[in-house]
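Colleague: Its first residue numbered 4, the sequence shown is counted upward by one per residue in my numbering. Glycine is no exception: its CB is placed at the ideal position from the N, C-alpha and C atoms. Here's a structure for you.
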Amino acid sequence: MYSFSRKELIDILKDNSLNDWLFSFADKVRRENVGDEVHLRGLIEFSNICKCQCNYCGLRSPNKNIERYRIAPDDIIFYAQKAVEMGYKTIVLQSGEDEFYSCDVMCEIIKGIKNFDCALTLSIGERSFEDYKAFKDCGADRYLIRIETTDRELYKKMHPYMDFDNRVRCLKDLKTLGYEVGTGCLVGLPEQTLESLADDVLFFKEIDADMIGIGPFIAHPQTPLKDSANGNFILALKVMALTRILLKTINIPATTAMETLNPNGRIIALQSGANVVMPNVTLQNFSSKYEIYPDKSSLSDRDEAECIIKSIGRTISKGYGFRSNS
Ligand code: 5AD
4 MYSFSRKELI
14 DILKDNSLND
24 WLFSFADKVR
34 RENVGDEVHL
44 RGLIEFSNIC
54 KCQCNYCGLR
64 SPNKNIERYR
74 IAPDDIIFYA
84 QKAVEMGYKT
94 IVLQSGEDEF
104 YSCDVMCEII
114 KGIKNFDCAL
124 TLSIGERSFE
134 DYKAFKDCGA
144 DRYLIRIETT
154 DRELYKKMHP
164 YMDFDNRVRC
174 LKDLKTLGYE
184 VGTGCLVGLP
194 EQTLESLADD
204 VLFFKEIDAD
214 MIGIGPFIAH
224 PQTPLKDSAN
234 GNFILALKVM
244 ALTRILLKTI
254 NIPATTAMET
264 LNPNGRIIAL
274 QSGANVVMPN
284 VTLQNFSSKY
294 EIYPDKSSLS
304 DRDEAECIIK
314 SIGRTISKGY
324 GFRSNS
């Protein structure tokens, strides 16, 4: 069992001379614990309407410079069916915090999709325990909700009208209800410290997350952070690699934010601890509007994903891609 203390994590984050060692160590831990298979998740971004005002996010409600859309429940189910027919074994439903999709509406969508042979992941933000329970009872398997940062002060600055403790409550409720739970953080937010990034990784371990998504912050022109510097690709990769080393058997996506900052970002991530890719399965006209950050790249073509994965000697999993129980 390898483990790192908080001080060791900080030292590694500070010292770039250790990067090659760190990335190959994470790649080895990935291979030994989850193997060479890459899980593809079919991502449906079904609404970009959001009541939140996260200072970094292009979907924040005060942004008037964006064409908002909502996909009708039946159409969401239709896209999911197409994705399952294409071979996806997991469907991920992601949206802004859009109240149109009430508990009842979500339950209908979940039941519709669970008629197909697939696992279902939700990523629709903060809800009550009762909602999470209803979604689980309808067959939802997994839930993604990033903590974004564990630095309470920074969290407060970045998320007007939101409450860090409620976010943690969501993660705990989801665990209690038996979901596979995904969380993660942004790397490179203004004023974020390496110490807080080490704490983020320790937090992932403490809550025993099943999935972790990590990406660099990318400044969006229609947000209060438009003039801030982008996060650093290598630093985000380091946080991801450390997460793999500490949480050996979890699923870690090569995030689109990584690809956005580095043209080879996805491949580099897959070779530094990641084992999941999430291609977008909705039509291009929707994904171009789901602009959380500028130039968000989306691998809409499954063949393209397959090509990338095979080119680095990896294979595509035929399973549902739950967390390995080794
Ligand atoms: N840059 C990078 N990632 C972002 N996200 C939101 N806005 C940005 C941005 N400007 C991430 C958040 C959220 C996920 C869906 O997208 O971490 O949880």
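What are the boundary residues of the beta strand (DSSP E) that N122 is part of?
Modeller: Looking at the sequence provided, one finds Ala at residue 122 rather than Asn. A122 to S126 is the extent of the beta strand (DSSP E) around A122.
Colleague: Compare the Cα-Cα distances from S126 to each of D78, F49 and S64 and report the closest residue.
Modeller: F49
Colleague: Let me know the secondary structure DSSP gives S329 once reduced to three states.
Modeller: Reliability of the predicted coordinates at S329 is poor, the pLDDT of 49 falling under 50, and the value obtained from them is presented with this limitation in mind. In this structure, S329 counts as coil in the three-state DSSP scheme.
Colleague: Roughly how many angstroms lie between the CA atoms of E194 and K229, to the nearest whole one?
Modeller: 15 angstroms
Colleague: Per DSSP, what kind of secondary structure is P76 in: helix, strand or coil?
Modeller: helix
Colleague: When the Cα atoms are used, what is the spatial distance from L245 to M165?
Modeller: 28 angstroms
Colleague: Pick helix, strand or coil for N19, following the three-state DSSP scheme.
Modeller: helix
Colleague: So if I measure from each beta-carbon to every heavy atom of the ligand 5AD and keep distances below 6 angstroms, which residues remain?
Modeller: The set of residues with CB atoms less than 6 angstroms from any heavy atom of the ligand 5AD reads, in chain order, Y59, C60, R149, E151, L189, G218, F220, I221, H223, A260, I295 and Y296.
Colleague: Would you give the residue range spanned by the alpha helix (DSSP H) that C53 belongs to?
Modeller: Careful: C53 lies outside any alpha helix (DSSP H) and carries neither H nor E.
Colleague: Near A308, which residues of its chain fall below 7 angstroms by C-beta distance, leaving aside the five closest residues on each side in sequence?
Modeller: L43, V280, P282 and L302
Colleague: Report the partner residues of V280 according to the DSSP bridge assignment.
Modeller: Answer is L43, bridged to V280.
Colleague: Is the segment 143 to 157 touching the segment 84 to 91, taking contact as three or more C-beta pairs under 8 angstroms?
Modeller: Put simply, the segment 143 to 157 does not touch the segment 84 to 91. Fewer than three CB pairs are less than 8 angstroms apart.
Colleague: Three or more C-beta pairs under 8 angstroms: does that hold for the segment 230 to 239 against the segment 204 to 215?
Modeller: no
Colleague: For Y323, which option in K10, T93 and P227 has the closest C-alpha, if you only look at C-alpha atoms?
Modeller: T93
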